[in-house]
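J.: Chains as they are written, first to last, in this note's numbering: chain A, 17 to 819; chain B, 27 to 267.
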Ligand SMILES: Nc1ncnc2c1ncn2[C@@H]1O[C@H](COP(=O)(O)OP(=O)(O)OP(=O)(O)O)[C@@H](O)[C@H]1O
Ligand SMILES: [Mg+2]
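1) Would you list the residues sitting across from residue 109 of chain A in a DSSP beta bridge?
2) May I ask you to verify whether the stretch 348-364 of chain A touches the stretch 38-57 of chain A, counting CB pairs closer than 8 Å and requiring at least 3?
3) Please return the same chain residues whose Cβ sits closer than 6 Å to the Cβ of residue 138 of chain A, not counting the five positions on each side in sequence.
4) Taking the runs of the beta strand (DSSP E) that are 3 residues or longer, which of them lie wholly in the stretch 116-157 of chain B?
5) In this structure, what does DSSP give as the bridge partners for residue 40 of chain B?
6) What residues in its chain sit with their C-beta under 7 Å from that of residue 243 of chain A, if we drop five residues either side in the sequence?
7) Just tell me which of A:637, A:469, A:531 and A:532 has its CA closest to the CA of residue 578 of chain A.
8) Is it true that the stretch 84-100 of chain A meets the stretch 236-253 of chain A, where meeting means three or more beta-carbon pairs spaced less than 8 Å apart?
9) Under 7 Å, CB to CB, which of the residues in the stretch 46-73 of chain B have a partner in chain C?
10) So the alpha helix (DSSP H) residue 290 of chain A belongs to, where does it begin and stop?
11) Please tell me whether, using a cut-off of 8 Å, the distance from the CB of residue 80 of chain B to the nearest non-hydrogen atom of ligand 2 is below it.
12) Entirely within the stretch 483-531 of chain A and at least 3 residues each: give me those beta strand (DSSP E) ranges in chain order.
13) At a threshold of 8 Å, does residue 46 of chain B count as lining ligand 1 (C-beta to nearest heavy atom)?
14) Output yes if chain A places a C-beta closer than 9 Å to the C-beta of residue 201 of chain B; else output no.
15) Which of helix, strand or coil does DSSP assign to residue 393 of chain A?
16) Residues of the stretch 707-739 of chain A with a CB closer than 9 Å to any CB of chain B: list them in chain order, please.
17) Ligand 2 heavy atoms versus the CB of residue 318 of chain A: any closer than 8 Å?
18) Going along the chain, which residues of the stretch 140-158 of chain B sit with their C-beta nearer than 8 Å to a C-beta in chain A?
19) Say yes only if the C-beta of residue 137 of chain B is nearer than 8 Å to one or more non-hydrogen atoms of ligand 2, and no if none qualify.
20) Roughly how many angstroms lie between the CA atoms of residue 356 of chain A and residue 208 of chain A, to the nearest whole one?
21) Using only alpha-carbon positions, find the residue among A:150, A:543 and A:748 that is nearest to residue 710 of chain A.
22) Count the other C-beta atoms from every protein chain shown that fall within 10 angstroms of the C-beta of residue 530 of chain A, then say buried if there are 16 or more, exposed otherwise.
23) To test your reading of the DSSP string, which unbroken beta strand (DSSP E) runs of 3 or more residues are found completely within the stretch 704-756 of chain A?
24) Using the Cβ count rule (16 or more neighbours within 10 Å means buried), how would you classify residue 195 of chain B?
25) If we call anything under 9 Å between Cβ atoms a contact, is residue 39 of chain B one with residue 61 of chain B?
26) Tell me, please, whether the stretch 481-492 of chain A touches the stretch 591-603 of chain A by the rule of three or more beta-carbon pairs shorter than 8 Å.
27) Here's the rule: buried if 16 or more other CB atoms are within 10 angstroms of the residue's CB, otherwise exposed. What is residue 240 of chain A?
28) Using CA atoms only, rank isn't needed, just tell me which of A:77, A:657, A:724 and A:234 is closest to residue 645 of chain A.
29) Nearer than 8 Å: is that true of the beta carbon of residue 174 of chain B relative to any heavy atom of ligand 4?
30) Apart from the five residues on each side of it in sequence, which residues of its chain come closer than 6 Å, Cβ to Cβ, to residue 241 of chain B?
31) Using the rule of at least 16 other Cβ atoms within 10 Å of the residue's Cβ for burial, across every protein chain shown, is residue 164 of chain A buried or exposed?
32) Give every residue of the same chain whose Cβ lies closer than 6 Å to the Cβ of residue 587 of chain A, excluding the five residues on either side of it in the sequence, and list them in chain order.
33) DSSP state of residue 208 of chain B, grouped into three classes?
34) Whose CA, out of A:28, A:777 and A:62, lies closest to the CA of residue 458 of chain A?
35) In angstroms with no decimal places, state the Cα-to-Cα distance between residue 94 of chain B and residue 72 of chain B.
36) What residues from chain A crowd round residue 90 of chain B, counting only those whose CB sits closer than 7 Å?
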């Protein structure tokens, strides 16, 4: 306790040091804490359900992907055959149009899931009831459970909504329950507004070549993932034996829900941010260690006296250590405040499911983290100085006027090592920030193979209950396209089941006619899309050979396909692909290649696609319910929204146009997180650079101060201004050079990690390293220049002064 | 032995004063000093503590500038010279020997002696020859690779003398060169200076110690910033006989 009092007394005697120390630490801890709270919410607490470590996802694996959904019949077989799960549910995310009397239809996002979903997640409705197993059967599933926010927003939190009716996709549903807010897990499901039962239709029981069932399950008590995986392997091989045509080389895999809900890119970037913010903190700690060292040695006589009076090493170290911990905790408190503020700022700008705004709380985990980080930093910057100071021999420091006792060689070496580490760390921070920044810039302006400017887009969903057959869908598509094309200012109009923004949703294996058979499952994989004839002209995807789909193409006409150049090269290298035939393995129909187009790259996806092959089918021959509208216009794309809405409403009053926007805006919203990361990294780099420059300045200043006399002597001996400047700069340059040599491999390592995380982003090359080295050196030289100039102004008379 | 004292004036001070201003307090460290030092002279400056000996020496050594008065070194007035020019003159014309040796701790004996020569941009071969010669003169050649901390005080001071000598300065300025030494080492250093004087060096030495002052040929007594007495020492008298 007396040490604590002493610490406060000493610190209050040097308030400047205390304030600088707490500010530096506070900033460092704030950055780390903020980065950790992101990792906490996105990586560690993705799944907010009870015993969430037992919740798993089951995936189908193919030679090309590890995260594929299962076909209904296979999924049902897995459910029947497995014994590892306490409960198991299928689900898919779904958009529906919600129309209420007197209000325009609106597209809402929800979950269509097996009744077991709630027992899998361990969350039950807090009003009403959950689904019954019966409600999975056809004709029994017109019931719905509302998410908490839907209930609050649309029904004002009225408890009497249970048993009320609701019109969804033009059908009447009965509200049977309301979910608690704890069901929300936007990182897992997106922002869900309702849950409805997934109906197991009769034909699902035999449907094995069309996969859209996602599976989530809760492991039984006492069953580990390894055991469950073993069981899945058995089931997979039995399925493969029983249905070789449909299963082929597919396997099954189990993984926990949390890791399945986060892509590698985000994961790596988040941990990278935690690591880099930690580096800033380390730099801050190194600086404080240096400062403490100087203070400790300033008091070395006091230490010698204490030790002469019989203080043991522990007694000697304790006061300094306690002082460091007091500073660390002060810095920690400041850090938490700053982190809360920066989380608020980040949270407002982060986009989840293309919607901005996400709470990044400072919860118990984060607080514990901040506290630990503060304590560890306190130890980190307090321990070494205390140790070294406690080593000053009693006799040494009591010698009157003994020079050199103020700076032993070990403290000198430690300071040099610290500053070298700081410079290396600063290089990494600046390197990552600039690489990332430049790469984001390049990524935003890279050639995606189509023109993202001047496009309007919006999404529609044709409800299955009213668009029950292909003919109805086709009619709707045709009329809609006709009316859209006739809009003034619209040059081209198209519909597609997905756009090359994040991914073409459906990937299918394919075989070419007349080629040696490939083992099932090993066939080349292609991204596929169903598009209307004008799609290519609308997006300006260039035609390389042949032709686009004709507007006159009939559903029952020749089955056609347009492929990209990569697919043509892969399937028919060196041959003319036009007129060749291919078939998707999930379908027996042969398709004739009529055109070859360029590759449409995904505008916002940082990950390398699992295939570069692309195949387009005409929408008339593969009618779809979920569609994107794309219009090429010379007007401002947003301005088309009301007209498009009107056209759609005129065709189907219950059908909303979701997310109507300019495609460019849409892309920018999706890349906002990238800019956020870039801003974060830039902050880290700036802080790291600033703190390490201050550190270098401090160390060089101290060095010159300790040597004032030597410098005076040199001047008495005739050293010129430039000689002294050179001497000091040389010290700085040596530290800088070693720091950079140490830092360059770390720089490359960090860049390697970045590249792994974002293969689609082109990282800048050597020139950027050059720029960074020059910039860092310039900062370092400025930091050394000031003390050097002061040193060169030393009055040579000091040489004459006796000590 | 006065052959070297050929009557040529090396240092001429006329009415030199030095006033220090600290916290509104004026300290008159020197008040109107007139002093002539001829080439080859060995002058000791004595006087009580605080009388201005070190101040005088620092002005002679161009470490400091007088507040008023004239200083002519080698028939060249030195007031109003630039800092760079003053550094150049210190380097070529003046050799310093300090009370606390003032060797640079990070440099070896050899490098310490070499240091002023490097500031002169002298070619390496010539430097090497001069350094070795100077170290021979003070009998420290065998310790050339040692660091100052590995030497005794007397040895350190001999190295400091070597450093002052190596550049063939016009004048050696010593401020209490024996102040940090015991009498045996002090004697050795004084003997060294005396030998240098015999071979023609001009030496100005500040000392408290009458015993050492006697080594010099001429003694200047300061009191309260003024020259109060100039005398040829007994030794000088002996020698000129
Ligand atoms: N930088 C300075 N600022 C203010 N006063 C000074 C300064 N240097 C010297 N003095 C004052 O000038 C006077 C002469 O000082 P000086 O160092 O020359 O004395 P000294 O004769 O060398 O004494 P000692 O024998 O103790 O070394 C003293 O009163 C001293 O306090
Ligand atoms: Mg003095």
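Idealized CB from N, CA, C, for every residue including glycine.
T.: Quick look at the numbers:
1) Walking along the first chain from the start, residue 109 of chain A turns up at place 93. Answer by DSSP bridge pairing, in chain order: A:127.
2) yes
3) Position 122 of the first chain, counted from the first residue, corresponds to residue 138 of chain A. Hits under 6 Å: 65 and 66.
4) 120-123
5) The residue you call residue 40 of chain B lines up with position 14 of the second chain. Paired residue(s): B:96.
6) Here residue 243 of chain A refers to the residue found at position 227 of the first chain. Counting only Cβ-Cβ distances below 7 Å, and skipping sequence neighbours, we find 100.
7) The sequence position of residue 578 of chain A within the first chain is 562, counting from 1. Of A:637, A:469, A:531 and A:532, the smallest CA-CA separation from residue 578 of chain A is found for A:637.
8) yes
9) Protein chains in the displayed structure are A and B, and chain C is not among them.
10) Translated into the one-based positions of the first chain, residue 290 of chain A becomes position 274. Looking at the DSSP string, the run of the alpha helix (DSSP H) that includes residue 290 of chain A is 280-314.
11) On the second chain, residue 80 of chain B is found 54 positions in, with the first residue counted as 1. The answer is yes for residue 80 of chain B.
12) 506-512 and 522-528
13) The count along the second chain starts at 1 and reaches residue 46 of chain B at position 20. At least one heavy atom of ligand 1 is nearer than 8 Å to the Cβ of residue 46 of chain B, so yes.
14) What you label residue 201 of chain B is simply residue 175 of the second chain in a count that begins at 1. Yes, contact with chain A.
15) Residue mapping note: residue 393 of chain A aligns to position 377 of the first chain, counting from 1. In the structure shown, residue 393 of chain A sits in a helix (DSSP, three-state: H, G or I).
16) 723, 725, 726, 728, 729, 730, 731, 732, 733, 734, 735, 736, 737, 738 and 739
17) Translated into the one-based positions of the first chain, residue 318 of chain A becomes position 302. Not under cutoff, so the answer is no.
18) 141, 142, 145 and 146
19) Stepping through the second chain from its first residue, residue 137 of chain B is reached at position 111. No, the Cβ of residue 137 of chain B stays beyond 8 Å of every heavy atom of ligand 2.
20) Within the first chain, residue 356 of chain A is the residue found at index 340, counting from 1. Within the first chain, residue 208 of chain A is the residue found at index 192, counting from 1. So the two alpha carbons sit approximately 27 Å from each other.
21) Taking the first residue of the first chain as position 1, residue 710 of chain A is located at position 694. Ranking A:150, A:543 and A:748 by Cα distance to residue 710 of chain A puts A:748 first.
22) Looking up residue 530 of chain A in the first chain gives position 514. Per the 10 Å Cβ criterion, exposed.
23) The stretch 704-756 of chain A contains no whole beta strand (DSSP E) run of 3 or more residues.
24) The sequence position of residue 195 of chain B within the second chain is 169, counting from 1. Buried: at least 16 other Cβ atoms inside 10 Å.
25) Counted from its first residue, the second chain places residue 39 of chain B at position 13. Counted from its first residue, the second chain places residue 61 of chain B at position 35. Yes.
26) no
27) Your numbering for residue 240 of chain A matches position 224 in the first chain. Exposed, since its Cβ has fewer than 16 Cβ neighbours within 10 Å.
28) Position 629 of the first chain, counted from the first residue, corresponds to residue 645 of chain A. Closest by alpha carbon: A:657.
29) This structure lacks ligand 4; the ligands present are ligand 1 and ligand 2.
30) In the second chain, residue 241 of chain B corresponds to position 215, counting from 1. Excluding sequence neighbours, residue 241 of chain B sits near 216 and 220.
31) Your numbering for residue 164 of chain A matches position 148 in the first chain. Counting Cβ neighbours within 10 Å, residue 164 of chain A comes out buried, since at least 16 surround it.
32) For the purposes of this step, residue 587 of chain A is taken as residue 571 along the first chain, with counting starting at 1. Closer than 6 Å at Cβ, skipping near neighbours: 528.
33) For the purposes of this step, residue 208 of chain B is taken as the residue at position 182 of the second chain. In the three-state DSSP reduction, residue 208 of chain B falls in the coil class, being neither helix nor strand.
34) Counted from its first residue, the first chain places residue 458 of chain A at position 442. Of A:28, A:777 and A:62, the residue nearest in Cα terms is A:777.
35) Taking the second chain and counting its residues from 1, one reaches residue 94 of chain B at position 68. Taking the second chain and counting its residues from 1, one reaches residue 72 of chain B at position 46. Going by the C-alpha atoms only, they are around 22 Å apart.
36) The residue you call residue 90 of chain B lines up with position 64 of the second chain. Neighbours of residue 90 of chain B on chain A, chain order: 813.
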